[in-house]
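Residue numbers (the working numbering), protein chains in the order written: chain X, 120 to 582; chain P, 65 to 455.
C-beta: ideal position from N, C-alpha, C; glycine also.
These notes concern the structure reproduced below.
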Amino acid sequence: MYIFVQGILVGMQTRILLDEDQIPQKWYNIIADLPSPMDPPLHPATKKPVTPDDLSPIFPMELIRQEVSDRRYIDIPDEVRDVLRLWRPSPLYRARRLEQHLKTPAKIYFKWEGVSPAGSHKPNTAVAQAYYNMKQGIERLATETGAGQWGSALALATQIFGLECTIYMVRASYEQKPYRKSVMQVWGAECIPSPSTRTNSGKAVLEKDPDTTGSLGIAISEAVEDAKTHDNTNYALGSVLNHVCLHQTVIGLEAREQLAIVDEYPDVVIGCVGGGSNFAGVSFPFAGDKLTGKHPDIDIIGAEPSACPTLTKGLYAYDFGDVAGLTPLMKMFTLGHDFVPPAIHAGGLRYHGDSPIVSRLVHDGVMRAVAYYQNEVFDAAQMFARTEGLIVAPESAHAVKAAIDCALECRKTGEAKTILFNNSGHGDFDMSSYDAYYGGKLIDYEYPADLIRDSLGRLPKIP
Amino acid sequence: MIRVGFLINPIAGMGGTVGLKGTDGVLAEALRRGAVPGAAKRAKTALSLIDGGPVHFFTCSGAMGEDALRETGITSFTVVYRGSEMTSEQDTRVACRAFIENNVELVLFCGGDGTARVIYEEAGDRLPVLGIPAGVKMYSAVFAVTPAAAAGLVNAITRDGWSGRPGSGHTGVLLRDTEVVDVDEDAYRNGELRTRLFGFAKSPGLPGFVQGTKQVWEEREEERAKDDIARFVYEIISATPEILYILGPGTTTSAVMQKFGVEKTLLGFDALKDCRPAGRDLNEKDMLALLERGQKARLVISIIGAQGSVLGRGTQQVSPDVLKRIGVENVIVVATPHKVRETPLIFIDTGDTALDRSFGNYIRIITGYHIAQRKGLGLPSGPERPEMTDP
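Following this line, the structure appears as structure tokens:
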């Protein structure tokens with residue numbers, strides 16, 4: 120869009136903004152548009168489909184209802200929308216300088232979620248989860264965090280709604296990003312490095328491996344155990360689950376409106392994938408358009424780390440969501456619940472599994488995935504910072520890398536595709552990771568799937 | 065014009081292809097096993113890449129230098145020592161003294177650790193020394209990483225001269241202290257790595273062109289990582305017993321064998337088939353025999369010390385012919401994270417450049433249980449990975 124001042128062209132629009140009253144009033148539930156029902160989660164002991172009663176010891180009833188709902192749209196409570204006003208609607212940017220640098224005919228748009236108080240997309244669901252728990256009289260939430268973004272978000276949300284918060288932070292990130300812990304403290308939460316001696320799950324891991332770097336799978340076990348063993352405490356998960364993906368759809372719903380303002384609809388939608396929630400958030404409204412035949416050709420790409428390539432190299436099967444096997448079994452792409460991913464700097468992407476809905480859509484070919492090494496991801500992040508100014512989180516940099524690759528492909532083919540990616544968070548707490556990049560210390564980890572397949576005869580070890 | 069003393073230890077490297085670790089005292093056995101001299105070929109590779117104009121060589125007669133110079137078309141040389149046909153340590157000593165009398169600025173030699181040690185004993189740290197790698201044991205840091213890298217250093221000296229002290233801001237080739245190390249060959253043949261530091265020579269160096277001294281890692285973290293790797297490789301071998309596994313030298317591969325209850329020769333190549341030993345301390349011929357009739361095989365090999373070689377140094381039993389039969393795609397490289405971290409440059413130097421290149425620009429190294437790392441491979445002077453700054 121061109122901007123005219125007193126009839127004179129002064130420039131092209133960079134930020135596309137919505138008013139506060141344009142914050143979506145409903146979340147979009149893609150399950151309603153799937154051609155067949157999802158495979159149900161199974162009880163870890165009985166292996167039978169879980170019932171609401173199975174989940175009620177750790178989740179509030181409204182979130183359980185959302186988890187299994189097949190209604191296409193679910194109302195966002197006014198109390199939640201009031202909090203979202205602190206940063207939503209988030210801006211949509213046109214990355215013109217990056218386009219020029221790449222000499223691409225493609226148009227690159229990105230949704231910038233780094234404007235939230237916690238610096239990422241995570242508060243979109245943290246606020247909703249804290250609200251429903253508060254409504255049900257819960258006093259404390261226990262959770263895990265990888266890079267610290269989810270922990271920060273839940274600390275903020277619980278503070279707003281007057282709940283206590285205990286956060287088990289993956290040890291690798293706890294040590295890499297000490298200021299994340301301080302952020303959680305500012306918002307009144309307690310942050311513990313995981314594995315810890317506070318839970319039996321943590322103790323078991325430490326006994327086996329005292330020097331472990333931890334993983335999201337281990338931290339989830341600890342938080343779930345904490346919630347199960349305390350009546351006043353519920354568990355909150357920052358990704359993977361259906362209701363989390365649901366809450367994040369505000370990203371894609373806003374982006375679709377913002378693109379419509381400049382008369383665009385994306386040919387490609389990209390997000391980074393760990394547990395899958397920000398990718399779900401940006402892509403589900405567009406995937407819905409694809410499923411319902413409105414835009415059948417849209418290309419939806421999840422970008423994940425080569426060190427933990429769940430969607431590109433994992434197996435689509437039932438597996439636990441955590442290391443200790445306390446969660447329900449979910450049908451998803453998985454590298455095995457006992458897989459401890461190497462300590463990459465994109466700590467938020469170190470998860471052995473993935474959102475069951477995202478997994479299903481990848482399995483059905485509605486979406487696809489790519490995997491990147493750490494150094495090439497930071498190369499992309501550096502290029503983005505030097506062209507667009509924003510220093511992004513290592514997780515988000517995976518999406519940046521995929522967008523750059525798409526744009527470069529367009530340069531080869533001459534196609535003027537419209538690319539939308541979700542820039543899920545800022546990298547202000549990730550300077551030690553950038554330091555490591557500049558010091559030549561970033562390791563390009565990969566998952567030797569062929570040899571693992573040989574060693575197991577199957578991939579991975581599924582209960 | 066710079067004055068360069070040049071000598072070849074013609075028998076260096078001969079023990080490697082026939083499964084002997086070095087030639088000290090066992091030359092006759094190496095010849096009996098069919099070893100052929102390879103040092104001259106490597107020396108000529110280096111010589112052919114040296115810009116001859118500004119260099120005058122002082123050398124020894126016949127196979128100790130003169131032949132290689134003539135065969136690469138170099139005419140600017142003087143023979144300052146005429147040695148015996150069956151060369152010995154004494155020939156190297158006397159030749160070195162002749163170089164010193166002729167005021168050479170650099171001794172360029174082609175040999176192994178034994179040759180380096182003898183030259184060091186004569187030249188001390190008064191005279192810069194640079195090795196073209198050819199021996200079986202090259203733990204000393206005086207060696208360039210490849211013959212081409214040695215030539216690159218000589219060219220840099222003739223082009224840019226010597227630098228002042230490190231940090232002086234002077235451009236040119238730095239002289240640095242380099243460890244001269246030799247291994248007790250008898251112990252080495254019995255699977256025991258006993259290195260002895262003889263002293264510090266002066267060698268020309270640019271980053272990436274000279275080997276670091278090999279190191280034996282002993283940290284606890286290393287032991288844990290080694291066990292993780294061994295557990296993973298053990299599971300792979302156990303699940304695919306029909307494949308012939310050849311395990312190269314090193315403590316990581318030894319840990320794999322231990323899991324099968326088999327003692328591994330620390331510095332040799334041993335084989336496993338159906339999870340049972342199928343050969344110990346194999347030489348090239350043994351391996352070729354095992355690989356007959358299309359036997360599917362995998363080679364499990366480690367990075368050698370801090371010098372960064374995956375195949376080449378100290379692993380000369382795996383000749384290009386052996387490697388071609390196994391297939392580059394069936395090479396499993398293993399190394400602990402520390403070892404990978406401390407090895408800035410990883411390269412493959414089988415003597416067959418096309419084969420080396422078939423490994424590609426990157427190599428996958430198994431560094432833990434179900435974990436691997438990708439590392440830039442190869443070119444001592446090349447970038448590890450493409451920059452992404454200017455699309």
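If we define contact as Cβ-Cβ less than 8 Å, is residue i a contact residue for chain P?
| i | result |
| --- | --- |
| Pro567 of chain X | yes |
| Ile476 of chain X | no |
| Ile571 of chain X | yes |
| Asp563 of chain X | yes |
| Leu217 of chain X | no |
| Leu434 of chain X | no |
| Leu60 of chain X | Nothing can be reported for residue 60 of chain X: it is not among the residues displayed for chain X, which extend from 120 to 582. |
Just checking: is the beta-carbon of residue i within a distance shorter than 8 Å of some beta-carbon in chain X?
| i | result |
| --- | --- |
| Glu306 of chain P | no |
| Gln380 of chain P | no |
| Gly272 of chain P | For Gly272 of chain P, the pLDDT reaches just 47, beneath the cut-off of 50, and the residue's location in the model is therefore unreliable, leaving the point undetermined. |
| Ile365 of chain P | no |
Applying the 10 Å Cβ sphere with the 16-neighbour rule, what's the burial state of residue i?
| i | result |
| --- | --- |
| Tyr298 of chain X | exposed |
| Lys166 of chain X | exposed |
| Pro329 of chain X | exposed |
| Arg229 of chain P | Because the pLDDT of Arg229 of chain P is 43, which lies under 50, any placement of that residue in the model is unreliable, and the number read from its coordinates should be weighed accordingly. It is exposed - the Cβ of Arg229 of chain P has fewer than 16 other Cβ atoms within 10 Å. |
| Ala353 of chain P | exposed |
| Val442 of chain X | buried |
| Met550 of chain X | exposed |
| Glu344 of chain X | buried |
| Asn361 of chain X | buried |
| Tyr564 of chain X | buried |
| Asp224 of chain P | exposed |
| Thr170 of chain X | exposed |
| Ala465 of chain X | buried |
Mind checking whether residue i and residue j have CB atoms under 8 Å apart?
| i | j | result |
| --- | --- | --- |
| Lys230 of chain X | Asn494 of chain X | no |
| Ala488 of chain X | Glu423 of chain X | yes |
| Ala237 of chain X | Leu182 of chain X | no |
| Leu355 of chain P | Gly312 of chain P | no |
| Ser301 of chain X | Ser320 of chain X | no |
| Pro143 of chain X | Val369 of chain X | yes |
| Thr13 of chain P | Phe173 of chain P | With chain P covering 65 to 455 only, the question about residue 13 of chain P has no answer from this structure. |
| Thr431 of chain X | Gly357 of chain X | no |
| Gly415 of chain P | Asn425 of chain P | no |
| Val398 of chain P | Thr316 of chain P | yes |
| Ile538 of chain X | Ile227 of chain X | yes |
| Met78 of chain P | Pro101 of chain P | yes |
| Lys531 of chain X | Ala225 of chain X | no |
| Ser396 of chain X | Ile419 of chain X | no |
| Leu346 of chain P | Gln380 of chain P | no |
| Glu283 of chain X | Arg317 of chain X | no |
| Thr156 of chain P | Leu71 of chain P | yes |
| Val244 of chain P | Ala180 of chain P | yes |
| Ala220 of chain P | Ala214 of chain P | no |
| Ile417 of chain X | Asp386 of chain X | yes |
Relative to the C-alpha of residue i, which candidate in the options has its C-alpha closest?
| i | options | result |
| --- | --- | --- |
| Ile307 of chain P | X:Ser574, X:Asp140, X:Ile311, X:Glu139 | X:Ser574 |
| Thr431 of chain P | X:Gly466, X:Tyr566, X:Glu514 | X:Tyr566 |
| Leu217 of chain X | X:Asp138, X:Ile417, X:Leu509 | X:Leu509 |
| Val359 of chain X | X:Gly393, X:Thr348, X:Ile389 | X:Gly393 |
| Ala516 of chain X | X:Lys536, X:Pro460, X:Tyr491 | X:Tyr491 |
| Ile193 of chain X | X:Ala247, X:Arg505, X:His162 | X:Ala247 |
| Asp189 of chain X | X:Pro171, X:Leu260, X:Pro156 | X:Pro156 |
| Leu205 of chain X | X:Val324, X:Gly559, X:Asp140 | X:Asp140 |
| Leu434 of chain X | X:Val305, X:Pro314, X:Ile286, X:Gly472 | X:Gly472 |
| Asn351 of chain X | X:Glu186, X:Gln255, X:Thr453 | X:Gln255 |
| Gln185 of chain X | X:Arg215, X:Leu365, X:Met303, X:Pro154 | X:Leu365 |
Contact criterion: CB-CB distance below 8 Å. Does residue i meet it with respect to chain B?
| i | result |
| --- | --- |
| Arg438 of chain P | Chain labels in this structure do not include chain B; the protein chains are X and P. |
Interfacial residues, the segment 458 to 482 of chain X to chain P, with Cβ spacing under 7 Å: Those would be Phe458, Pro461, in chain order.
Where the segment 487 to 503 of chain X meets chain P: residues whose CB sits under 9 Å from a CB there: Tyr492, Asn494, Glu495, Asp498, Ala499, Gln501, Met502
Where the segment 424 to 436 of chain P meets chain X: residues whose CB sits under 9 Å from a CB there: Tyr426, Arg428, Ile430, Thr431, Gly432, Tyr433, His434, Ile435, Ala436
Within 7 Å of chain X by C-beta, residues of the segment 289 to 305 of chain P in sequence order: Of all residues in the segment 289 to 305 of chain P, only Phe296, Glu299, Ile300, Ala303, Thr304 come within less than 7 Å of chain X when Cβ atoms are compared, listed by chain position.
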